[in-house]
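A.B. asks:
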Amino acid sequence: MNQMLSAYTKQSKLVTLLNQTREQIERLKNESYFCPACKQPLLIKNGKVKIPHFAHYNSNNCCVYSEGETYEHLVLKQAFANWCKKDAIPYELEKYLSEVNQRPDLLVGKIALEIQCSPLSVQRLVERTKNYQKYGYLPIWVCGKKLFSNQQILGELGKNLCSYTETIGFHIWQADFETKELALYFHLEEDWKKRIYYSRKSWTFHEEILTDIFNFPYKSNFFVQRKFEIGKLIQDYYFDLNRKLARRDEQIRNVQSVLYNNHCHLLELPIWFYYPGIRIFCCRGSDLLLKLRIWNWVQFFDQNVFELAEFELLIQKQIAGMKDLFYEFPSVSMKEIKKYCSNQLIMSLIDCKHLIVVQNGWKIVVGNKRLKQTDLNQWVKSIEKKCLISAIPLRSVIR
């Protein structure tokens with residue numbers, strides 16, 4: 034059976050079980066209740082183990098309330114509702130939005146707060162997020178404790194739950210009902226092993242006004258920087274590619290196949306392809322495929338002089354046609370993806386001396402198109418004492 038905290042009576046009065054004692058809830062059982070979405074009858078579950086809630090007699094009849102809710106989900110939903118109540122923020126619990134045919138856990142003005150504690154298909158995530166956006170709602174997804182328990186790697190769902198702003202980069206929300214803490218993991222980055230690096234800011238429940246906290250990604254004045262040992266990252270990345278190719282790793286063989294069709298070899302690419310050992314966060318698979326397409330395109334600019342702003346707009350236009358390489362990211366606009374990717378690509382082209390400043394502007398210098406192992410070793414040795422410093426607001430520097 035599915036679980037909810039609000040339902041309608043025969044007289045269309047909305048009744049919520051939130052903040053009612055079990056004795057009060059027992060007395061409510063004399064009334065008939067109906068689902069806000071499908072209008073089917075509901076019963077009140079008031080046991081000693083789970084939080085009191087409404088449930089369908091037959092869950093198969095309702096498409097909106099068909100997803101069962103865990104204890105964690107119910108507790109967090111109640112906690113956020115109480116948070117709003119304490120701050121005197123108008124909210125609606127489980128408000129059914131007929132135009133969207135969805136009901137967020139909490140509707141706060143135009144914010145549709147969704148608490149995700151269980152697995153969810155990416156297709157369903159995209160569908161729900163886009164539906165909210167279509168009708169002018171701002172969906173904010175908050176992960177439960179288990180969904181982001183391994184804070185070293187972000188899975189497919191975790192990646193697609195991320196949002197992005199220029200002030201704090203890619204970020205994801207998480208709530209812990211046991212510690213009563215809301216956390217924001219931001220400035221998310223991945224290395225070539227898909228290990229996650231992040232900065233973290235947390236608030237205990239009721240510490241600040243909830244809507245102010247959710248505005249943090251847009252109004253933050255944070256400056257955060259992170260340092261990477263660039264030589265070691267690139268060398269380890271290159272050796273791992275070599276090892277996987279020798280072991281006939283399926284994903285790497287697929288990458289090699291695409292490279293081969295473009296007259297390239299996985300281990301003989303210009304250094305720019307392996308640099309900086311930090312992945313372009315948007316890419317679903319290897320970012321080598323994105324770099325390959327950009328590399329084939331930039332060669333048409335070889336030795337031509339142009340303005341950097343013009344080049345940035347052109348590279349963003351190319352990126353717009355490469356959606357097949359990216360995660361769905363329903364909460365991130367294509368405009369933001371283009372800007373983020375172009376920044377990463379342009380900075381690495383500059384660092385690797387393929388994009389250089391000249392008297393009248395900038396120009397592309399392709400240079401040697403094939404790499405030898407000795408070339409890589411020499412280049413790594415030349416930067417072994419240097420570090421890549423990535424920072425937000427968005428900026429990367431090699432020093």
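Residues in the sequence shown are numbered from 34 upward in steps of one, following this note's numbering. Yeah, the Cβ is synthetic: ideal placement off N, Cα and C, and Gly gets one too. Since this is a predicted model, take the numbers as computed values, not measurements.
Would you mind sorting glycine 188 into buried or exposed? The rule is 16 or more other CB atoms within 10 Å of its CB.
C.D. replies: Its Cβ having fewer than 16 others within 10 Å, glycine 188 is exposed.
A.B. asks: Between which two residues does the alpha helix (DSSP H) containing glycine 14 stretch?
C.D. replies: The structure shown has nothing for residue 14, since the chain only spans 34 to 432.
A.B. asks: Could you please give the first and the last residue of the uninterrupted alpha helix (DSSP H) stretch that includes leucine 321?
C.D. replies: Segment 321-331, the alpha helix (DSSP H) holding leucine 321.
A.B. asks: Count the C-beta pairs between the segment 366-381 and the segment 308-321 that are closer than 8 Å, then say yes if the count reaches three, no if not.
C.D. replies: The segment 366-381 vs the segment 308-321: in contact.
A.B. asks: Between which residues of its own chain and glycine 202 is the CB-CB distance below 7 Å, once the five residues before and five after are set aside?
C.D. replies: Phe219, His220, Leu221, Ile425, Leu427
A.B. asks: Return helix, strand or coil for threonine 54, following the three-state DSSP convention.
C.D. replies: Coil at threonine 54, not helix or strand.
A.B. asks: Does the beta-carbon of lysine 405 have 16 or more other beta-carbons within 10 angstroms, so that it is buried, or is it exposed?
C.D. replies: exposed
A.B. asks: With a CB to CB cut of under 6 Å and the five nearest residues on each side skipped, what residues in its chain are close to isoleucine 352?
C.D. replies: Lys371, Cys374
A.B. asks: Using three-state DSSP, classify isoleucine 307 as helix, strand or coil.
C.D. replies: Note that residue 307 corresponds to tyrosine in the displayed sequence, not to isoleucine. Correct three-state label for tyrosine 307: coil.
A.B. asks: Can you tell which of Gln332, Leu38, Gln44, Asp320 has the C-alpha that lies nearest to the C-alpha of alanine 112?
C.D. replies: Leu38
A.B. asks: Can you check which of these residues, Lys83, Leu140, Phe339, is closest to isoleucine 389 by C-alpha distance?
C.D. replies: Phe339
A.B. asks: Secondary structure at phenylalanine 203, three-state DSSP: helix, strand or coil?
C.D. replies: The three-state secondary structure of phenylalanine 203, taken from DSSP, is strand.
A.B. asks: Can you tell me where the alpha helix (DSSP H) with glutamate 105 in it begins and where it stops?
C.D. replies: 104-119
A.B. asks: Only counting the same chain, and skipping five residues up and downstream in sequence, which positions put a Cβ closer than 8 Å to that of tyrosine 251?
C.D. replies: Thr198, Thr200
A.B. asks: Decide if histidine 296 is buried, meaning its Cβ has at least 16 other Cβ atoms within 10 Å, or exposed.
C.D. replies: exposed
A.B. asks: Since I believe valine 133 is in contact with tyrosine 90 (beta carbons under 8 Å), could you give me their beta-carbon distance rounded to a whole number of angstroms?
C.D. replies: Incorrect: roughly 25 Å between the Cβ atoms, too far for contact.
A.B. asks: Put tryptophan 174 into one of helix, strand or coil per three-state DSSP.
C.D. replies: strand
A.B. asks: With the cut-off set at 8 Å, would you say glutamine 149 and leucine 180 are in Cβ contact?
C.D. replies: yes
A.B. asks: Mind checking which residues open and close the beta strand (DSSP E) that includes lysine 396?
C.D. replies: 394-397
A.B. asks: In angstroms with no decimal places, state the Cα-to-Cα distance between aspartate 16 and tyrosine 270.
C.D. replies: Outside the modelled stretch of the chain, which goes from 34 to 432, sits residue 16, for which no answer is possible.
A.B. asks: Taking the alpha-carbon positions, what's the serine 429 to asparagine 115 distance?
C.D. replies: A caution first: serine 429 carries a pLDDT of 48, below 50, which makes its placement in the model unreliable, though a value can still be read off. When rounded, the distance between both Cα atoms is 41 Å.
A.B. asks: Quick check: isoleucine 263 and leucine 421, are their CB atoms within less than 8 Å of each other?
C.D. replies: yes
A.B. asks: Using a Cβ-Cβ cutoff of less than 8 Å, which residues in the same chain neighbour lysine 163 once the five nearest sequence positions on both sides are dropped?
C.D. replies: Pro363
A.B. asks: Report the rounded CA-to-CA distance for methionine 367 versus isoleucine 205, giving the unit in angstroms.
C.D. replies: 18 Å
A.B. asks: Cutting at 7 Å between CB atoms, please list the residues of its own chain near arginine 432, excluding the five before and the five after it.
C.D. replies: Low local confidence applies: a pLDDT of 43 at arginine 432 is under 50, so the model's placement there is unreliable, with the coordinate-based value given in what follows. So the qualifying residues of the chain are Lys419, Cys420, Ile422.
A.B. asks: With H, G and I counted as helix, E and B as strand and the rest as coil, what does DSSP make of lysine 83?
C.D. replies: coil
A.B. asks: Rounded to a whole number of angstroms, what is the C-alpha to C-alpha distance between isoleucine 229 and threonine 244?
C.D. replies: 27 Å
A.B. asks: Out of Asp273, Lys260, Arg281, Lys110, which one is the CA nearest neighbour of lysine 213?
C.D. replies: Lys110
A.B. asks: What's the C-alpha gap between leucine 194 and glutamine 392?
C.D. replies: Leucine 194 and glutamine 392 have their C-alpha atoms some 45 Å from each other.
A.B. asks: From what residue to what residue does the beta strand (DSSP E) around isoleucine 77 run?
C.D. replies: Note, isoleucine 77: beta strand (DSSP E), 74-78.
A.B. asks: Give the list of continuous alpha helix (DSSP H) stretches no shorter than 4 residues that lie fully inside the segment 218-275.
C.D. replies: Those alpha helix (DSSP H) runs which fall completely within the segment 218-275 and span 4+ residues are 243-247, 249-252.
A.B. asks: Smallest Cα separation from lysine 260: which of Leu409, Gln185, Ser232?
C.D. replies: Ser232
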